[in-house]
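2 protein chains.
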Amino acid sequence: MPPSRPQRADARRNRAALLAAAREAFLAGEEESHVEEIARRAGVAVGTLYRHFETREALVEEVYRREVDDLCAAAGTFLAQNPPEEALRLFLLLLVEHAAVGRGMAVALETIMVTDSPIFEDSRERMAGALDELIEAGTAAGTLRGGVGGRTLMRALGGICALRTAEGWQDEAVLITRVLFDGLRHGAVEAR
Amino acid sequence: MPPSRPQRADARRNRAALLAAAREAFLAGEEESHVEEIARRAGVAVGTLYRHFETREALVEEVYRREVDDLCAAAGTFLAQNPPEEALRLFLLLLVEHAAVGRGMAVALETIMVTDSPIFEDSRERMAGALDELIEAGTAAGTLRGGVGGRTLMRALGGICALRTAEGWQDEAVLITRVLFDGLRHGAVEAR
DNA sequence: CCTCAAACGGAGCCCGACTCATCTTCTGGG
DNA sequence: CCCAGAAGATGAGTCGGGCTCCGTTTGAGG
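Protein sequence lines, in the order shown, are assigned to chains A and B. Okay, so the first sequence: first residue is 1 according to UniProt numbering, each after it adds one. Okay, so the second sequence: first residue is 1 according to UniProt numbering, each after it adds one.
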């Protein structure tokens, strides 16, 4: 049932501007992601921000839900074009790269993966689903260990993405991701 | 050079009380770890807290430095009584268990491992040192992959400990830690 | 146009970290 | 034992950031 009165044009515009501004602010770093600052960037007042988003957290969530959408889509693409365990490897590395986009974004990724706040439940579920798909394909092919759920793996990744520290962090992340990946293959060999 | 005037007795007592109260508060959960609350638990006023610790963070740091001391000591013990890769396995699991002590403590562990704040530099260095020792012993014995530094591994662990979510998180953590561990052994087998 | 619900603005509230002017308590020397 | 005065403790107050509330503005259906 579509709402009888859809939504005013300016409201839609402002909502979009807020999401864009928030994304920008998160990418830029934590310093400039106060609500006042985000509102300013979007050219609205804080009150307007709160009209569209319950809390600051809710805004973060919405921004991130969109990022997660892109990531999940990528998982499907990889799986369609590669052997399952290669698809998983690519996906893990994509996550790392993705976190590299910006400090603020990594913070969000970390939060979404690592916190158990119900706010992120939905995004987490979809992300875990994407990973499950990859892992199951690999398990079926006998190249990956079973028994490790998408949720579990995702949380470890959250930690890794949370590295985002000093220079060189990305190499570290890639390395540790590879170790994790090898651990997943290892289990298949050992029949656990 | 011992300070000419050492430190007043009540000051030493209060400092100890603050550290104890802070630890207690962190273990209890984030809710009760506001500075006012910590001061109250210790039976002093906030001003006193700030006389002893530059910032709230500095207090967290000090509390955690002590935890890290215990952990590092355990690493040595394990290594003395087990084959190197078994010692590493035990140590990794000890970290997970340690994080289980309390939500608040896990937050601290996470922060210390994952943040690059210079405040935790010291603790991080010692922790990485303990891990390096374990890894190097295993590498020398040919049972663990080389090329993964203690710092790198530690940060991944920080992420895992940061799980501390809903029920069942600890099983998840143990599982993913095992995957990580298998990845480390796997590299040795493959000669990378 | 005109109406009015929807949307916006922004001063101000609340809460939590932190400061500082003032009062209290040790302690070492006489 | 006592006193000086330095070390220490206090807690009301400041500040910053998230959030609220209500008076004002604006888009759109009639």
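Yeah, the Cβ is synthetic: ideal placement off N, Cα and C, and Gly gets one too.
Grouping DSSP H, G and I as helix and E and B as strand, with all else coil, what is residue i?
i	result
Phe-181 (chain A)	helix
Gln-170 (chain B)	helix
Glu-54 (chain A)	coil
Arg-8 (chain A)	coil
Arg-15 (chain A)	helix
Thr-144 (chain A)	Looking at the sequence shown, residue 144 (chain A) is not Thr but Leu. It is coil, neither helix nor strand.
Ala-20 (chain B)	helix
His-186 (chain B)	helix
Ser-123 (chain A)	helix
Gly-29 (chain B)	coil
Gly-138 (chain A)	helix
Gly-149 (chain B)	coil
With 16 as the cutoff for other CB atoms within 10 Å, does residue i come out buried or exposed?
i	result
Pro-3 (chain B)	Low local confidence applies: a pLDDT of 49 at Pro-3 (chain B) is under 50, so the model's placement there is unreliable, and no value is given.
Met-127 (chain B)	buried
Arg-192 (chain B)	With a pLDDT of only 40 at Arg-192 (chain B), under 50, the local geometry of the prediction cannot be trusted, and the value read off the model is given with reservation. Per the 10 Å Cβ criterion, exposed.
Pro-6 (chain A)	exposed
Ala-173 (chain A)	buried
Arg-51 (chain B)	exposed
Pro-84 (chain B)	buried
Arg-8 (chain A)	exposed
Gly-138 (chain B)	buried
Val-46 (chain B)	exposed
Ala-73 (chain A)	exposed
Between the options, which lies nearest to residue i when the distance is taken from Cα to Cα?
i	options	result
Ala-17 (chain B)	B:Asn-82, B:Glu-67, B:Ala-42	B:Ala-42
Leu-180 (chain A)	B:Arg-66, B:Thr-152, B:Gly-168	B:Thr-152
Thr-77 (chain A)	A:Leu-94, A:Glu-121, A:Glu-61	A:Leu-94
Arg-66 (chain A)	A:Ser-33, A:Glu-85, A:Ala-22	A:Ala-22
Leu-59 (chain B)	B:Ala-137, B:Leu-19, B:Gly-150, B:Asn-14	B:Leu-19
Ser-123 (chain B)	B:Gly-142, B:Gly-150, B:His-52, B:Gly-138	B:Gly-150
Val-91 (chain A)	A:Arg-56, A:Ala-130, A:Glu-125	Looking at the sequence itself, residue 91 (chain A) is Phe, so the reference to Val does not match. Minimum Cα distance to Phe-91 (chain A) is reached at A:Ala-130.
Gly-146 (chain A)	A:Ala-80, A:Gly-183, A:Glu-97	A:Gly-183
Leu-134 (chain A)	A:Gln-81, A:Val-174, A:Glu-97, A:Leu-175	A:Gln-81
Ala-39 (chain B)	B:Glu-31, B:Glu-30, B:Ala-25, B:Gly-29	B:Ala-25
Arg-56 (chain A)	A:Val-35, A:Val-44, A:Leu-79	A:Val-35
Val-63 (chain A)	A:Glu-125, A:Ala-75, A:Leu-27	A:Leu-27
Asp-10 (chain B)	B:Thr-48, B:Ser-33, B:Thr-177	B:Thr-48
Asp-132 (chain A)	A:Val-68, A:Arg-13, A:Ala-75, A:Val-44	A:Ala-75
Fully enclosed by the region 40-98 of chain A, which alpha helix (DSSP H) runs are 4 residues long or longer? Taking 4 residues as the shortest admissible run, the region 40-98 of chain A contains the following complete alpha helix (DSSP H) segments, listed from N- to C-terminal end: 46-52, 56-81.
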